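Remarks on the structure that follows.
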Amino acid sequence: MDELKVLMLGPGEPTALNSGLGIATHHIAKNLNSLVRLTIIQPGDSIEETHYSEITGVNFQQFSDISVAKDIARISIKANLAPYFYSGYTSETLTQENISESEVKKELALFTSKTVSFSQNIDFDLIYAHDWTTMKAAMEIKKATKKPLIVHIHSLDYDRSATHGESWVYELEKEGLEAADRIIAVSEYTAQIINEYYEIPNHKIDIVHNAIGAYRHSHVNKIFSEKLILFVGRLTGQKGPAIFMQIAAKVNQQIPETRFVMAGTGELLKQLIESGAYRSVSGKFHFTGQLSPKDMKALYRRCDIYCMPSVSEPFGLSALEAASMGLPVVISKQSGAAEVLPAALKADYWDVDVFVKHIISLLTNDKLYNQVVEGNTKEISKLSWEEVAENIMAVFNKVNA
Numbered sequence: 060m061d062e063l064k065v066l067m068l069g070p071g072e073p074t075a076l077n078s079g080l081g082i083a084t085h086h087i088a089k090n091l092n093s094l095v096r097l098t099i100i101q102p103g104d105s106i107e108e109t110h111y112s113e114i115t116g117v118n119f120q121q122f123s124d125i126s127v128a129k130d131i132a133r134i135s136i137k138a139n140l141a142p143y144f145y146s147g148y149t150s151e152t153l154t155q156e157n158i159s160e161s162e163v164k165k166e167l168a169l170f171t172s173k174t175v176s177f178s179q180n181i182d183f184d185l186i187y188a189h190d191w192t193t194m195k196a197a198m199e200i201k202k203a204t205k206k207p208l209i210v211h212i213h214s215l216d217y218d219r220s221a222t223h224g225e226s227w228v229y230e231l232e233k234e235g236l237e238a239a240d241r242i243i244a245v246s247e248y249t250a251q252i253i254n255e256y257y258e259i260p261n262h263k264i265d266i267v268h269n270a271i272g273a274y275r276h277s278h279v280n281k282i283f284s285e286k287l288i289l290f291v292g293r294l295t296g297q298k299g300p301a302i303f304m305q306i307a308a309k310v311n312q313q314i315p316e317t318r319f320v321m322a323g324t325g326e327l328l329k330q331l332i333e334s335g336a337y338r339s340v341s342g343k344f345h346f347t348g349q350l351s352p353k354d355m356k357a358l359y360r361r362c363d364i365y366c367m368p369s370v371s372e373p374f375g376l377s378a379l380e381a382a383s384m385g386l387p388v389v390i391s392k393q394s395g396a397a398e399v400l401p402a403a404l405k406a407d408y409w410d411v412d413v414f415v416k417h418i419i420s421l422l423t424n425d426k427l428y429n430q431v432v433e434g435n436t437k438e439i440s441k442l443s444w445e446e447v448a449e450n451i452m453a454v455f456n457k458v459n460a
């Protein structure tokens with residue numbers, strides 16, 4: 060059988076603007092490339108000298124940045140387009156205040172038109188698109204080529220928005236999901252949302268959990284004598300930072316020898332700092348802002364417990380990172396990570412008292428603490444991005460049979 064040629068429409072390289080989505084698709088592309096011939100079109104903002112004409116004989120440089128990395132043909136179209144724009148960009152230079160919905164629609168239209176143009180000069184067997192920013196282009200390419208379309212869902216408007224189906228992004232997602240030949244969901248939790256809120260039949264949906272790279276955890280000298288409880292994520296309603304603030308206040312009231320760290324940034328930062336919950340623990344609460352992967356690993360090593368009270372979390376890669384670094388994790392039941400971390404302590408996102416109870420138990424019960432760490436470490440060792448790529452390949456084969 061000839062090597063399968065896949066046109067992947069992705070979110071771009073991992074940055075603060077695409078969060079876990081960028082990290083996941085980076086690992087997926089890297090490992091899929093050993094199984095298929097992969098060409099990637101994605102938003103980007105840098106200029107490279109490498110021309111796509113070196114691969115195809117066609118000069119597209121007038122449109123965008125073209126680069127080839129590790130035998131992957133990668134086309135980065137200049138576009139100010141990020142999947143979480145209405146949740147507030149997670150960078151200091153791009154915020155909710157300086158980008159409008161109309162600007163995002165304009166950037167999306169530009170990215171779509173250029174992506175469709177590029178695709179006309181690429182030989183591929185199927186289209187593999189990630190999340191809403193690629194759906195319009197994917198649908199147009201499918202209509203023009205009659206090639207099968209696989210849509211990989213890492214996050215939905217349902218997760219990110221309080222409207223749950225009243226936004227133009229939701230409508231775009233629904234149209235893309237209906238047009239897809241098959242849908243890959245990162246969790247059973249997400250598959251259920253696709254079925255119930257987007258009215259997509261279950262027989263179209265395959266579940267492929269994310270994985271985690273090999274992390275090595277080691278003991279370091281702690282900065283504080285108190286126990287450190289960690290939150291990681293965009294400071295948006297979806298991630299539950301205000302809930303974490305309430306949890307912190309109640310934990311600290313019962314065990315004063317505790318401190319709390321919030322790693323990440325977003326539009327809720329000012330509101331969180333001004334909240335009553337923050338004022339009650341202000342001397343014990345630390346905001347780090349956005350951290351590099353290296354600094355994030357160093358922070359994991361210095362903390363004692365990881366807490367993820369997400370309101371709606373399709374997966375939650377940071378929970379796997381924390382567990383792989385030897386931290387016990389207390390996470391929302393409304394998350395995909397809960398499906399692959401059986402030893403994690405879990406609570407409904409709204410149940411602050413149960414989160415507090417779990418954290419107090421970990422702080423006061425060494426046996427439980429070690430059981431949670433060891434149980435999750437064992438399960439994480441079974442996860443690999445290589446297997447993720449193989450599972451995705453199995454979905455490709457369903458539509459390419």
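Using the numbering used here, read the sequence shown as starting at 60 and increasing by one per residue. Yeah, the Cβ is synthetic: ideal placement off N, Cα and C, and Gly gets one too. This one's a predicted model, so the numbers in the text were calculated from it and none came from an experiment.
Express the C-alpha separation of residue j and residue i in angstroms, rounding to a whole number.
i      : j      : result
SER369 : ALA397 : 11 angstroms
ILE451 : ALA239 : 15 angstroms
VAL432 : ILE252 : 30 angstroms
VAL411 : ALA308 : 10 angstroms
VAL413 : ALA250 : 26 angstroms
LEU236 : THR192 : 13 angstroms
ILE314 : THR423 : 10 angstroms
ALA322 : SER341 : 15 angstroms
LEU358 : ILE209 : 37 angstroms
CYS366 : LEU94  : 36 angstroms
PHE344 : GLU285 : 12 angstroms
ARG318 : PHE303 : 12 angstroms
VAL267 : VAL245 : 5 angstroms
ILE106 : PRO352 : In this prediction, ILE106 has a pLDDT of 36, which is less than 50 and means its spatial position is unreliable; what the coordinates show is noted afterwards. Cα-Cα distance, rounded: 24 angstroms.
GLY385 : PHE455 : 35 angstroms
ASP354 : MET198 : 39 angstroms
SER391 : ALA403 : 10 angstroms
LEU327 : GLU62  : 47 angstroms
LEU427 : ALA336 : 28 angstroms
GLN312 : ARG338 : 13 angstroms
SER226 : VAL163 : 13 angstroms
ALA378 : ALA453 : 27 angstroms
GLN461 : VAL320 : Nothing in the structure corresponds to residue 461, since the chain is present only between 60 and 460.
SER135 : HIS211 : 19 angstroms
HIS213 : LYS405 : 21 angstroms
LEU161 : GLU316 : Residue identity check: residue 161 is Ser in the sequence provided, not Leu. SER161 and GLU316: Cα-Cα distance of roughly 48 angstroms.
Going by beta-carbon coordinates alone, are residue i and residue j separated by less than 8 angstroms?
i      : j      : result
MET194 : ALA203 : no
GLU438 : PRO401 : yes
LYS64  : GLY103 : no
ARG293 : LYS263 : no
PHE374 : ASN459 : no
ASN429 : VAL388 : no
THR295 : GLY325 : yes
LEU140 : PHE183 : no
VAL175 : ILE200 : yes
ALA83  : LEU350 : no
ILE243 : LEU442 : no
ARG360 : LEU287 : no
TRP409 : ASN90  : no
ASP425 : GLN297 : no
Assuming residue i is part of the alpha helix (DSSP H), what are its boundary residues?
i      : result
VAL454 : 444-459
GLY235 : 227-238
LEU167 : 160-178
ILE253 : 247-256
Would you mind reading off the limits of the beta strand (DSSP E) that contains residue i?
i      : result
ASP265 : 264-266
ALA132 : 131-137
PHE64  : Before going further, note that residue 64 is Lys rather than Phe in the sequence given. Counting along the chain, the beta strand (DSSP E) containing LYS64 begins and ends at 64-68.
PRO102 : 96-103
ALA270 : Neither: ALA270 is in no beta strand (DSSP E) and is coded neither H nor E.
ILE243 : 241-244
Pull up the CB-CB distance for residue i and residue j, whole angstroms please, since I reckon it's below 8 angstroms.
i      : j      : result
GLU232 : TYR257 : 7 angstroms
ASN180 : ILE131 : No, ASN180 and ILE131 are not in contact; Cβ-Cβ is about 17 angstroms, not under 8 angstroms.
ILE177 : ILE100 : In the sequence as presented, Ile is not what sits at residue 177; that position holds Phe. Indeed, because the Cβ distance is near 6 angstroms, the residues count as touching under 8 angstroms.
LEU68  : ALA196 : 6 angstroms
SER420 : GLN393 : 21 angstroms between Cβ atoms; not a contact.
ALA382 : LEU289 : Not a contact, Cβ separation roughly 12 angstroms.
GLY71  : GLY81  : 6 angstroms
VAL310 : ILE186 : That pair is no contact at about 48 angstroms.
Would a check of beta-carbon distances place residue i closer than 8 angstroms to chain C?
i      : result
GLY385 : Although the question refers to chain C, the structure presented lacks it and comprises just one protein chain.
* **Runs of beta strand (DSSP E) lying entirely within the segment 277-356, each at least 3 residues, in chain order** => 286-291, 317-322, 344-348
* Ignoring anything shorter than 3 residues or poking outside the segment 187-224, list the beta strand (DSSP E) runs there in chain order. => 208-212
* **Unbroken stretches of the beta strand (DSSP E), 3 residues or longer, contained in the segment 355-425** => 364-367, 388-391, 404-406
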